[in-house]
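**Student:** I'd like to ask some things about the structure below.
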Amino acid sequence: MSDSERPDPDALLARMKRKEIESTRGKLKIFFGMSPGVGKTYAMLQAARQKQAEGCEVVIGIVETHGRKETEALLEGMPIMPRTQIEYRGTKLEEMDLDAILTWHPGLAVVDELAHTNAPGSRHPKRYQDVLELLDAGINVFTTLNVQHVGSRSDTVRQITGAPVSETVPDSVLDLADQIVLLDLTPDQLLSRLAEGKVYLGERAEWAAKNFFRESNLTALREMALRVVAEHVDRDLREIMAEQRILGPWKSADRLLVAVSASPYSERLIRYTRRLASSMEASWLVANIEGPRSLSQEEQTRLTRYLALARQLGAEVVSTPGSDIAETLLRVARENNVTQIVIGKPLGARWLSLLKRDPLSWLMRHSGNIDIHMIPTEESAQPRREGLEQRLARTPWQEFGTALGIAAVVTAFALSVFNFIGYWAIALFYLFAVVLAGMRLRRWPTFFLASLSALLWNFLFIPPRFTFYISKFEDFMMFGAYFVIAVVIGHLATQLHEREQAERRREERATALYRLTRTLAASGDLTQALPKVLQLIRDFFRADAAVWLRDENGLTQHPASTFAPSRKGESVAIWAFQKKQAAGKSTDTLPDSECLHIPLVAGDSAEGVLSVRLKTLPTLEQRELLDAFAAQLAVFVDKERALQENREAQVARESQKLQKALFDSVSHELKTPLAAMTAALQQPRPDSVELQQAARRLTHTVNNLLDATRLESGLLQPVCEWCDPGELVHEAVAASGLKEGDVQINIAKNLPAVSVDSGLIQQALNALLSNSMSYGKSDRPIEVSATRDDSTLVISVADRGAGLEPGEETKVFQKFYRGPRTRPGGIGLGLSIARQLIEANGGQIVAQNRQGGGAVFSIRLPISEAMRLPGAESVATGVSPRETVEASAVKALAARVSSAK
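One rule links them: number in my numbering = place in the sequence shown (from 1) + 96.
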């Protein structure tokens, strides 16, 4: 098996991983059409019924029939999952119950309208994300999709139809599909269905016929749908050919490949191939073959720019090593099912083809069914001379000096032994020197040594000596054979040396990645890992590096960094972090920067930035290695951040357990002596009033501790009953001990009843009233109101005190929080308990400052449309609203007492 036919181990490994993932995922089948009304849902339900008849467990996740009787008939007898209701702005919206399907775990779930946008409050914003979760759970899915909802086609559809497309599905979801079924109708057939009322009804059908469903629009959409399916089939074909190692191409669709290098003419080839692919409506890719010869800095810069241009023009870029350009290019073409190859016309001298194989001629002979396009390049006035000068300029002059020294040493030795061995044996000494030089020197110094040695042998040793004239014909033939053999052997030795250098570079890259992986695996945390990683970068790239990590303030430079970037460098690093794109030196973004900034991206989030200060522009190999370093470092940082969050959560859980145990112990130890103290203080004595007030405050504190413990332990559960909001407010105010002039109550009319635990709500209101009594102005009454905001009941407690400090709006509900204006007394538990009581009833509580001074605390409780007003119940039963609420409160209190027992 030749090198070109051997499987790529990296590709095999990636294919094995993909197959392993696919074996555990569900299968996705998409019923695809050019527009609504082509029969996607009908065909999907028919296929689902067929699966059910075959014994597969099928469940209808969600299907929109749009009132079509034929579609509704197909649903009869099939298990339909009840939809979940999500309330949004007073309206109940129905969505697919994802959790119920996951719990059921059927063999097949039918989910209509893949591009649908879920109601706010759903787990996922889009329905296709629900489908992905079903697939990850191993559930097969049937779904439907129109071409206008494909992400890459939505702009084109908008230009064609004039209708904006707001719901789209990423193309990557289509790539996951195991099968795409195209429902194809001609525009005339679809317009007939529209006229018969099988698509839309009434005025909507008339509007659709005049706008979206015009024949020209439908024809364009049909062509687009056919092309999407054809591209999917072509991708499947390439995967099958790659799996079975079938040497292509199979010309089922045109696919172009252009070979580029650091040559100045590569840009013209790329643009030509882009125009050719566009005219043929074919996909195309750009291949760069990394040969054994090292590229100069200028060539590296050009090549990087050409590959970036190809990506911008929509090409797939392939960069692969190969000692033989023609063989490697043909292997890449067959692996990617390429039908046409575009290459530039060679400009080299014809005599060079005698020394090496012509890639173009070899491709023409071995390409088989692949067409070859040879594009002429713009030849300069003196291309050969300029090419030679460029090659010589890339060669260090020290190597020519080395070749001259080798020739001098061999000549001196040959002169010393000439009288003993003869002039023909001298040629072997020179030939041996050329072979050794070819193993160490570059191409042109080796050619120089081969030519010089031939001339020296002729001038100094071949009779007549000390002339370039050769008298004997056999000596002339020997001289010619020597010259050819020396040049060819020197060329082959140089080639072998270049291949050895290329292998050494690849080995160095593999060693660098191995050392990086081993360093990260052996390091316990970032503090240990980063200095070692930065030292590796210094060893391999001869460059300083800095690491930026994200925190609550944005980006912060790690102390292990070996240099401090400038202000401009910091700005570039922030840009790279925000955009998740490399920036700085050797990139298209701020290329004048002193550093190359590579974002540390793990998954969908950027963890930081790696800034490398290189002395010269990085080569393509160095850039790939730096990207690999950044990827490995990003994974390590992400893992360390997850471990740190896990450790903090564990510490918080342990602290919470200790806190609960302390609350429980202290509260129960204090409650018994407090009861005895309170009973003893009932006896008349001069200071009994002050002592009773102190005992009540201490009892209140202990009760708060007990309530906090019960809430956190889950022992205190709400017992909901229908309650009148006005009664809740009045009873809470009465229990607080406020006098009539100290509070102002405002209850809106016709407030609906709410299903809550009245005792817990009143306790929360008492905490808010107590807080307002402590911090409000004594000469201004506390304002308590109850109003309705859409589907929410709002109970507010407001005062005219000093208000809240900036940032205290959420802190005041934390346990043991005491602000700068806190008065003596209390331990900071009242508002925390109030928040937990409200949340236990399905509500929320917010705090904010009032205009004119003071603070307002608002309790927001959900209102259900099914709830009845207490007044309506009293009319039917003869019981007053107050008696109804009091009975509910008694029932709730009895239930809590029973639960506590």
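For every residue, glycine included, the Cβ atom is placed at its ideal position computed from N, Cα and C. Fair warning: this is a prediction, and the values are worked out from it, not measured in the lab.
Rounded to a whole number of angstroms, what is the C-alpha to C-alpha distance between L353 and K136?
**Tutor:** Taking the first residue of the sequence shown as position 1, residue 353 is located at position 257. Taking the first residue of the sequence shown as position 1, residue 136 is located at position 40. Looking at the two C-alpha atoms, the distance is approximately 37 Å.
**Student:** Closer than 8 Å is the cut-off here; do at least three beta carbon pairs connect the region 653-660 with the region 726-740?
**Tutor:** Result no; under three Cβ-Cβ pairs closer than 8 Å.
**Student:** Return the CA-CA distance between T400 and I581, expressed in angstroms with no decimal places.
**Tutor:** Residue 400 sits at position 304 when you count from the first residue of the sequence shown. Residue 581 sits at position 485 when you count from the first residue of the sequence shown. T400 and I581: Cα-Cα distance of roughly 38 Å.
**Student:** Between the C-alpha atoms of N433 and A748, what's the straight-line distance to the nearest angstrom?
**Tutor:** Here residue 433 refers to the residue found at position 337 when the sequence shown is read from its first residue. Here residue 748 refers to the residue found at position 652 when the sequence shown is read from its first residue. Near 57 Å, if we compare the C-alpha coordinates of A748 and N433.
**Student:** Once you ignore the five residues that flank K753 on each side, which residues in its own chain have a CB closer than 6 Å to its CB?
**Tutor:** The count along the sequence shown starts at 1 and reaches residue 753 at position 657. Closer than 6 Å at the Cβ level, and outside the excluded window around K753, lies no residue.
**Student:** Which term fits R896, buried or exposed, when burial requires 16 or more other beta carbons within 10 angstroms of its beta carbon?
**Tutor:** One-based indexing of the sequence shown puts residue 896 at position 800. R896 comes out buried.
**Student:** Going by the CB atoms, is the gap between L651 and L632 shorter than 8 Å?
**Tutor:** Indexing the sequence shown from 1 puts residue 632 at position 536. Indexing the sequence shown from 1 puts residue 651 at position 555. No, they are not a contact pair.
**Student:** Restricting to Cα atoms, I'd like to know which of G576, I471, I502 is closest to W520.
**Tutor:** The residue you call residue 520 lines up with position 424 of the sequence shown. Closest by alpha carbon: G576.
**Student:** If you draw a straight line from the alpha carbon of L381 to that of Y402, how long is it in whole angstroms?
**Tutor:** Working through the sequence shown from its first residue, we reach residue 381 at position 285. Working through the sequence shown from its first residue, we reach residue 402 at position 306. Spanning the two alpha carbons is a distance of roughly 13 Å.
**Student:** Three-state secondary structure (DSSP) at V414?
**Tutor:** Counting from one through the sequence shown, the residue named residue 414 turns up at place 318. Here V414 sits in strand by DSSP.
**Student:** Of all the options K628, E603, A678, which has the alpha carbon lying nearest to the alpha carbon of A404?
**Tutor:** Taking the first residue of the sequence shown as 1, we reach residue 404 at position 308. Comparing Cα positions, the closest option is A678.
**Student:** Considering only C-alpha positions, which residue in the set G133, V155, P132 is nearest to A143?
**Tutor:** As a working mapping, residue 143 is identified with position 47 in the sequence shown. Among G133, V155, P132, the Cα nearest to that of A143 is on V155.
**Student:** Going by Cα to Cα distance, which pick from V324, V134, F496 is closest to Q285?
**Tutor:** Translated into the one-based positions of the sequence shown, residue 285 becomes position 189. Cα-wise, what sits closest to Q285 is V134.
**Student:** Check the C-beta distance from V583 over to F543 and give it rounded, since I have them as a contact under 8 Å.
**Tutor:** Position 487 of the sequence shown holds residue 583. Position 447 of the sequence shown holds residue 543. Rounded, the Cβ-Cβ distance is 6 Å, consistent with contact.
**Student:** Can you look up K125 in the DSSP assignment and give me helix, strand or coil?
**Tutor:** As a position in the sequence shown, residue 125 is number 29, starting the count at 1. Three-state result, K125: strand.
**Student:** Scan the region 673-711 and note each continuous beta strand (DSSP E) run of 3 residues or more that stays entirely inside, going in chain order.
**Tutor:** You should have 692-698, 701-709.
**Student:** Answer with buried or exposed for C152, where buried requires no fewer than 16 other C-beta atoms within 10 angstroms of its C-beta.
**Tutor:** Here residue 152 refers to the residue found at position 56 of the sequence shown. Under this definition C152 is an exposed residue.
**Student:** Under 8 Å Cβ to Cβ from A477, same chain only, skipping five residues before and after it: list those, please.
**Tutor:** In the sequence shown, residue 477 corresponds to position 381, counting from 1. Because the pLDDT of A477 is 33, which lies under 50, any placement of that residue in the model is unreliable, and the number read from its coordinates should be weighed accordingly. Once the five neighbours on either side are set aside, A477 has no close Cβ partner at all.
**Student:** Across the region 864-879 and the region 840-854, are there enough close Cβ pairs to call them in contact, namely three or more that are closer than 8 Å?
**Tutor:** Yes: at least three Cβ pairs fall under 8 Å.
**Student:** Can you tell which of S832, A894, S851, F516 has its C-alpha closest to the C-alpha of G872?
**Tutor:** The residue labelled residue 872 in the question sits at position 776 within the sequence shown. Ranking S832, A894, S851, F516 by Cα distance to G872 puts A894 first.
**Student:** Residues in the same chain with beta-carbon distance under 7 Å from G949, minus the five sequence neighbours each way, listed in chain order, please.
**Tutor:** Taking the sequence shown and counting its residues from 1, the one referred to as residue 949 is at position 853. Excluding positions up to five away in sequence, the list reads R896, G899.
**Student:** Spell out the partners DSSP gives H469 in its beta bridges.
**Tutor:** As a working mapping, residue 469 is identified with position 373 in the sequence shown. DSSP, once it has assigned bridges, lists V438 as partnering H469.
**Student:** Tell me the residue span of the beta strand (DSSP E) that contains Y184.
**Tutor:** Numbered from its first residue, the sequence shown carries residue 184 at position 88. Unbroken beta strand (DSSP E) run through Y184: 180-184.
**Student:** With C-beta atoms as the reference, is S707 less than 8 Å away from W644?
**Tutor:** Your numbering for residue 707 matches position 611 in the sequence shown. Your numbering for residue 644 matches position 548 in the sequence shown. Cβ atoms of S707 and W644: closer than 8 Å.
**Student:** Is the distance from the Cβ of W493 to the Cβ of I522 below 8 Å?
**Tutor:** The residue labelled residue 493 in the question sits at position 397 within the sequence shown. The residue labelled residue 522 in the question sits at position 426 within the sequence shown. Contact: no.
**Student:** List the whole-angstrom C-beta distance separating L456 from I439, where the pair is believed to meet the contact cut-off of C-beta under 8 Å.
**Tutor:** For the purposes of this step, residue 456 is taken as residue 360 along the sequence shown, with counting starting at 1. For the purposes of this step, residue 439 is taken as residue 343 along the sequence shown, with counting starting at 1. About 7 Å separates the two Cβ atoms, so the contact holds.
**Student:** Alpha helix (DSSP H) containing E904: first to last residue?
**Tutor:** Translated into the one-based positions of the sequence shown, residue 904 becomes position 808. That run of the alpha helix (DSSP H) goes 904-907.
**Student:** Expressed to the nearest angstrom, what Euclidean distance is found between the alpha-carbon atoms of D350 and M470?
**Tutor:** For the purposes of this step, residue 350 is identified with residue 254 of the sequence shown, where counting begins at 1. For the purposes of this step, residue 470 is identified with residue 374 of the sequence shown, where counting begins at 1. Cα to Cα, D350 sits roughly 17 Å from M470.
**Student:** Pull the bridge partners of I581 from the DSSP assignment, please.
**Tutor:** The residue you call residue 581 lines up with position 485 of the sequence shown. DSSP lists no partner for I581.
**Student:** Use the C-beta contact count for Y224: other C-beta atoms within 10 angstroms, 16 or more gives buried, fewer gives exposed.
**Tutor:** For this step, residue 224 is matched to residue 128 along the sequence shown. Flag for Y224 reads buried.
**Student:** For G939, which of helix, strand or coil comes out of DSSP?
**Tutor:** Position 843 of the sequence shown, counted from the start, is the residue given in the question as residue 939. Coil at G939, not helix or strand.
**Student:** Relative to the C-alpha of L511, which residue among R561, V531, M535, F496 is closest?
**Tutor:** As a first step, residue 511 must be located in the sequence shown, where it is residue number 415. Comparing Cα-Cα distances from L511 to each of R561, V531, M535, F496, the minimum goes to R561.
**Student:** Look up A972 in the DSSP assignment and say whether it is helix, strand or coil.
**Tutor:** Start at 1 with the first residue of the sequence shown, and residue 972 comes out as number 876. With a pLDDT of only 30 at A972, under the threshold of 50, the placement of this residue in the model should not be trusted, and no figure is reported.
**Student:** Put Q840 into one of helix, strand or coil per three-state DSSP.
**Tutor:** Along the sequence shown, read from residue 1 onward, the residue named residue 840 stands at position 744. Here Q840 sits in strand by DSSP.
**Student:** How many whole angstroms separate the CB atoms of T240 and D208, which I take to be in contact at a CB cut-off of 8 Å?
**Tutor:** Here the question's residue 240 lines up with position 144 in the sequence shown. Here the question's residue 208 lines up with position 112 in the sequence shown. So it is a contact: roughly 6 Å between Cβ atoms.
**Student:** With distances taken from CA atoms, which of D330, P283, A326 is nearest F308?
**Tutor:** For the purposes of this step, residue 308 is identified with residue 212 of the sequence shown, where counting begins at 1. Nearest of D330, P283, A326 to F308, Cα basis: P283.
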